[in-house]
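Just below is one structure, and these are the notes that go with it.
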Amino acid sequence: MTAIKVLLIGDEPNFLLTLRRNLVGRGYDVSIAFDDQEANLMTASIGPDLVVLNLDFTIIKADGLAICTQVRKLSLAPIIVLSTIGAEKVKIEALDMGADDYLVMPFAMDEFLARVRASQRRWGLMKTGRTDENHLILSKDLLIDTDARRVMLHGDSIKLTPREYDILVYLAKHAGKVISHRELLKAVWGNVYGEEREYLRVFISQLRHKIETDPLRPEFIITEPGVGYRFISELS
Amino acid sequence: MSQENSKQADLSHDELLQQNRDLHQEVEAIHQQSVYLLGVYAETSRKLQIYSASIKAAVSSLLNHDIFWDGANQYEFLTTINASVSQVSDLTILLTLAFRAEAGSLTLNLEPQMLQEILSIAQVNALNKFPELALNVSYPTDGKMVLVDYEYFTKALLLLFEVIYAGRSSRDVRIAASEDAAVWLLDFSGINTQLMKTIEQMYNSKTKPASIDFLSTENILRLHIVCAVLHLQGISVKVMDRPDQLPIIRLCVPAMANLSGSV
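Just so you know, the sequences run in chain order A and B.
Count along the first sequence from 1, add 1184, and you get the number used in my numbering.
Count along the second sequence from 1, add 1, and you get the number used in my numbering.
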């Protein structure tokens, strides 16, 4: 079995080396990119299964968000971004630019490792296309093939990020039922989540732009104000 | 107060308008300075979070029980913690001094001191910190004493060396001390000219220098502290950039008229 490849990006050596030591100690194959050029080169050459990007550069002047966008163009692998507190706008922007998860520094190592494991479960499912039930979900002209991890709208395939796909499938599998923010967060991001509603707002908005004819008047994903979301299906 | 009011009444409408415009400009300059400094403090705080994150990550790694760390790994974690704690400590000291300077609560104890001794101590400290820096300090063995705060002046010189070390234009940085009438002249050479001009600008004006982005946040803080400490001791700063001569940055340290010493 080949080791899971993790690419760490940032310029604070003490911090990155601590993350690397922890990941290597648990069997991951870890590489480090110290600037944007290395990040691009290594993403393209290594083909990582996970990218961990520290948005806060301290030594060089680099734009963490721009790196996030570039890495997302080169790879579909999950991206966990790390940043300091007080950068809420950056957090939303990073999620908007293709990041899958977000951790505010400082954090305990077990929390970081839990996020890494959760991202790998989702990535593993996406790469193998394995699901255990309801391999086809239909709703009007929207078809979700969970075996192939493919979503078709009016017969055309549409591209979703792993996180968008997970949200859509979870909502669709519970079509008709109101899913609370907390439940959706826990189901898609993992048990350590529950209060990060802004994550959902960003991803649901992105999803609606991809699957709804008019994102302002959604037909598939309905907002239940103050509670959560509901997926509308012909079958529900 | 009534005199002030009568002075105001004597001013013409145009003069009052001009006075008003000048006051607005001053307020705007103070506001800009305040915004600029707060930005520097916020950036420093962000770096503190990152260095703290490094400590927390390393400590929580050692506390995790799901994995056994051998002696070599434990040593590396401890080295990381040690380096990051030093970074946090350095930044905290800089912030404390910068806040005190800004609040006007830096209290200096000015006493007659031998400049040669201060230069010698500062040189030793700098070489301990940056062993690869070729720092040549020359001074006459005797001369008038200077009226400075020993601790703060030595600290300011060390902070200045740290900034110079980051922006030096050659491997050799030279400081030549000489006595001239009522002052001691400290001429620094071998330093990046842009850095010299920035130091002079920061010393002379509290507004943000035109070009400062080449400096790290730590070095901007260091220079703020250096300038505040020099001001409090009546030490002036001037860049001498003459054709056919090495550019130098000169500190003029007031000498004591009737006190002299020798080493």
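Just so you know, even glycine gets a beta-carbon here, dropped at the ideal spot from N, CA and C.
Model, not experiment: these values are computed from the prediction.
9 Å Cβ cutoff, residue i in contact with chain B
i: residue 1299/A; result: no
i: residue 1243/A; result: yes
i: residue 1198/A; result: yes
i: residue 1402/A; result: no
i: residue 1292/A; result: yes
i: residue 1227/A; result: no
i: residue 1219/A; result: no
i: residue 1144/A; result: Nothing can be reported for residue 1144/A: it is not among the residues displayed for chain A, which extend from 1185 to 1420.
i: residue 1314/A; result: A caution first: residue 1314/A carries a pLDDT of 44, below 50, which makes its placement in the model unreliable, though a value can still be read off. No, its Cβ sits nowhere closer than 9 Å to a Cβ of chain B.
i: residue 1468/A; result: Nothing in the structure corresponds to residue 1468/A, since chain A is present only between 1185 and 1420.
i: residue 1317/A; result: Note that residue 1317/A scores 46 on pLDDT, short of 50, meaning its location in the model is unreliable; the coordinates nonetheless yield the value given after this. No, its Cβ sits nowhere closer than 9 Å to a Cβ of chain B.
i: residue 1392/A; result: no
i: residue 1296/A; result: yes
i: residue 1374/A; result: no
i: residue 1210/A; result: yes
i: residue 1289/A; result: yes
Residue-chain proximity (residue i, chain A), Cβ-Cβ < 9 Å
i: residue 84/B; result: yes
i: residue 78/B; result: yes
i: residue 212/B; result: no
i: residue 195/B; result: no
i: residue 70/B; result: yes
i: residue 81/B; result: yes
i: residue 65/B; result: yes
i: residue 121/B; result: no
i: residue 74/B; result: yes
i: residue 139/B; result: no
i: residue 90/B; result: no
i: residue 237/B; result: no
i: residue 217/B; result: yes
Where the alpha helix (DSSP H) containing residue i begins and where it ends
i: residue 1233/A; result: Per DSSP, residue 1233/A belongs to no alpha helix (DSSP H) and is neither H nor E.
i: residue 62/B; result: 14-64
i: residue 1417/A; result: Segment: none, residue 1417/A is in no alpha helix (DSSP H) and carries neither H nor E.
i: residue 1389/A; result: 1381-1395
i: residue 218/B; result: 218-233
i: residue 1199/A; result: 1197-1209
i: residue 201/B; result: 194-205
i: residue 1258/A; result: 1248-1258
i: residue 1350/A; result: 1346-1357
Identified DSSP bridge partners for residue i
i: residue 1304/A; result: Answer by DSSP bridge pairing: none, since residue 1304/A is not bridged.
i: residue 114/B; result: 147/B
i: residue 1268/A; result: 1289/A
i: residue 245/B; result: None; residue 245/B has no bridge partner.
i: residue 138/B; result: 176/B
i: residue 1263/A; result: 1235/A
i: residue 69/B; result: DSSP lists no partner for residue 69/B.
i: residue 252/B; result: 187/B and 238/B
i: residue 1214/A; result: 1190/A
Beta-carbon separation (whole angstroms), residue i vs residue j, contact threshold 8 Å
i: residue 1427/A; j: residue 1281/A; result: Residue 1427/A is absent from the structure shown; chain A starts at 1185 and stops at 1420.
i: residue 1267/A; j: residue 1236/A; result: Residue 1267/A to residue 1236/A, Cβ: 12 Å. No contact.
i: residue 1242/A; j: residue 51/B; result: 6 Å
i: residue 70/B; j: residue 63/B; result: 7 Å
i: residue 173/B; j: residue 220/B; result: Contact doesn't hold; Cβ gap of about 20 Å is too wide.
i: residue 321/B; j: residue 243/B; result: Lying before the first or after the last residue shown, residue 321/B is absent from chain B, which here runs from 2 to 264.
i: residue 1255/A; j: residue 1223/A; result: 6 Å
i: residue 116/B; j: residue 178/B; result: 6 Å
i: residue 240/B; j: residue 252/B; result: The pair is not a contact, with the Cβ atoms about 11 Å apart (cut-off 8 Å).
i: residue 1346/A; j: residue 1284/A; result: 6 Å
i: residue 1416/A; j: residue 1403/A; result: 6 Å
Residue i - containing beta strand (DSSP E), residue span
i: residue 1377/A; result: Run containing residue 1377/A: none; DSSP gives neither H nor E here.
i: residue 100/B; result: Careful: residue 100/B lies outside any beta strand (DSSP E), inside the alpha helix (DSSP H) at 72-104.
i: residue 175/B; result: 173-181
i: residue 1370/A; result: Segment 1365-1373 is the alpha helix (DSSP H) holding residue 1370/A; no beta strand (DSSP E) there.
i: residue 1336/A; result: 1334-1337
i: residue 1329/A; result: 1326-1329
i: residue 1189/A; result: 1189-1193
i: residue 1407/A; result: 1405-1408
i: residue 1400/A; result: Segment: none, residue 1400/A is in no beta strand (DSSP E) and carries neither H nor E.
i: residue 1340/A; result: 1340-1342
Under 8 Å by beta carbon: chain C residues contacting residue i
i: residue 1202/A; result: Absent from the structure: chain C. Protein chains present are A and B.
Proximity test, residue i beta-carbon vs the ligand SAM heavy atom, cut-off 8 Å
i: residue 19/B; result: As for the ligand SAM, it is missing from this structure, which has no ligand bound.
| task | Can you give me, in chain order, the residues of the segment 1256-1269 of chain A that have a beta carbon less than 7 Å from any beta carbon in chain B? | result | 1268 and 1269
| field | Proximal residues, the segment 43-61 of chain B versus chain A, C-beta separation under 7 Å | value | 47, 48, 50, 51, 53, 54, 55, 57, 58, 59 and 61
| query | Can you list, in chain order, the residues of the segment 94-108 of chain B whose Cβ is nearer than 9 Å to any Cβ on chain A? | reply | none
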